[in-house]
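Worksheet: the structure to be examined is printed underneath.
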Amino acid sequence: MLAYLAERCSAGDGADRMEAYGGAFDRISGHYLIRAYSYAAAAPPPPYESVRRIMHFAGFATLFDVLQTYTPAPATIGFRVPYMPEGMPAADHFDTYWGDLSTVGTWSQAYGLQCHYPAAPPARGDYVTVADTLPTPQPGHGYYFVTSATYQGQTRYGKKTSGGKLSGRDPAVLPNCR
């Protein structure tokens, strides 16, 4: 369930109604839009107007995001190659890094897990996996994974917000993936 729409300001007689219809997913921005209509279903009408709205749900994966999944046995990390990896027209290859959760955001302390894969440039929609060769972390500790995409010599990995503005992370801080 994405959301529950309740009746508004019901007068106790069940005369007020809310209907939602015509949902649409915007895969570029990762937003889900639903048309909604709130109205009085019985006479006499209440002292407020019927309302038509477009409800907006944000936070879904965008067209550019590389979303990784983890499978415990066999231990793999995988993702489906997006339509525009990290906002680029395609990807020549990917590099996946890992680090201790205590260093998230200090990307220079990441380590290469798998570099320059796959062997040939992947197609949109390909499912790409990497073997997770890391030992099970000690209780209270964990690892993070981050994957960069490279296209025609340009590398990108994720986004950041600074001063209320969204921008790409600086790939120069990533260690060389070997």
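Start counting at 1 in the sequence shown, then tack on 128, and there's your number in the numbering used here. Glycine included, C-beta positions come from ideal geometry on N, C-alpha and C.
query	result
Close Cβ partners of arginine 297 (< 8 Å) along its chain, the five nearest in sequence each way excluded	Trp235, Arg284, Tyr285, Gly286, Lys287 and Lys288
Best match in Gly206, His184, Arg180 and Arg155 for proximity to threonine 257 [C-alpha to C-alpha]	Gly206
First through last residue of the beta strand (DSSP E) which encompasses histidine 221	221–228
Span separating the alpha-carbon of glycine 240 from that of glycine 227	9 Å
Close beta carbons around tyrosine 272, own chain, < 6 Å, minus the five adjacent residues each side	Gly227, Leu229 and Val232
Whole-Å CB distance - threonine 278 paired with aspartate 220, under 8 Å assumed	5 Å
Reduced DSSP secondary structure (H/G/I, E/B, other) of glutamine 237	helix
Helix, strand or coil at glycine 215 [DSSP, three-state]	helix
Status (buried if at least 16 other CB within 10 Å, exposed otherwise) for glutamate 177	exposed
Beta-carbon proximity of serine 276 to leucine 294, cut-off 8 Å	no
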